[in-house]
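Working notes, beginning with the structure itself.
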Amino acid sequence: MLLIMLHHQLHYATLFGNHHVAQSCCTMLLNKLVINLHNMLFYIVSLLKEKKIHEGRTRIEGHARAQRQTKGKR
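Quick note on our numbering: the sequence shown kicks off at 38 and runs consecutively.
Here it is as structure tokens:
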């Protein structure tokens with residue numbers, strides 16, 4: 038909602054030639070964009086870490102299972 042409001046304010050500020058308001062709107066929009074991108078990257082990295090931890094656990098469990106099976110065959 039804030040982004041829509043800032044976009045409309047930027048539109049009217051540029052339409053009526055109020056460059057100071059337009060500049061501050063652009064700054065706020067860019068700040069919001071950077072914050073959103075940062076949050077998105079943080080979320081992606083956390084998902085990748087979670088996947089890597091899960092893969093590591095399944096690899097360790099698979100290795101332990103294989104060792105148990107070979108001990109039983111001896």
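Ideal Cβ placement from N, Cα and C applies to all residues, glycine included.
Q) Where does ASN28 fall in DSSP's three states? A) There is no way to answer for residue 28, as the model of the chain reaches only from 38 to 111.
**Q.** Touch test, the region 61 to 79 against the region 43 to 52, Cβ-Cβ under 8 Å, three pairs minimum
**A.** yes
**Q.** Euclidean distance between Cα positions of ALA103 and ILE97
**A.** 10 Å
Q. Which residues in the same chain have their Cβ closer than 8 Å to the Cβ of THR59, if we skip the five residues on either side of it in sequence?
A. Contrary to the premise, residue 59 reads as Ala rather than Thr in this sequence. Excluding residues within five positions, the ones whose Cβ falls inside 8 Å are LEU47, ALA50, THR51.
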